[in-house]
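Quick notes on the structure that follows.
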Amino acid sequence: MVEAVAAAVTAHPAVVRLDGGRFGDVATYLPGRRRLVGVRVGQPGEPVEIAVVVRAGRPIPQTVAELRAAVAALRPGPVDVTVSDIVTVSDIADPTADGP
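Okay, so the sequence shown: first residue is -15 according to the working numbering, each after it adds one.
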């Protein structure tokens, strides 16, 4: 389930990557000590939490609504979306460049 949610979220054209959130706590531990950052699926009835970095140039409320719909199609119920950062095309082209 967690990996399917991650795949649906990262397939969205505005999503650059999953993110752990402000404190790195949006994550799920999988068998074999693997940690999937950016998605936390709790017990039934609890919200699915996702944290993402998105591309600039697309309305954030629209992106969030689309992500909620994609996740809810996999696991009905509430979906909490955190946009951790917004990046530009130049940020993606050169992730090592220093900011202003």
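Positions of the beta carbon are idealized from the N, C-alpha and C atoms, including for glycine.
Practice task
Count the CB pairs spanning the segment -10 to 0 and the segment 39 to 49 that are closer than 8 Å, and state whether there are at least three.
Solution key: yes
Practice task
Starting from the C-beta of residue -8, find all residues in its chain whose C-beta is less than 7 Å away, skip the five residues before and the five after it, and write them out in chain order.
Solution key: 54, 55, 58
Handout entry: Exposed unless 16 or more other CB atoms sit within 10 angstroms - verdict on residue 84
Key = Here residue 84 scores only 47 on pLDDT, less than 50, and its place in the model should not be relied on; the value that follows carries that caveat. Looking at its Cβ environment, which holds fewer than 16 other Cβ atoms inside 10 Å, residue 84 is exposed.
Handout entry: Buried versus exposed call for residue 22 [16 or more other C-beta atoms within 10 Å across all chains shown]
Key = buried
Handout entry: Cβ-Cβ separation, residue 48 to residue -11 (assumed contact under 8 Å), whole Å
Key = Residue -11 to residue 48, Cβ: 15 Å. No contact.
Practice task
Report the rounded CA-to-CA distance for residue 7 versus residue 44, giving the unit in angstroms.
Solution key: 21 Å
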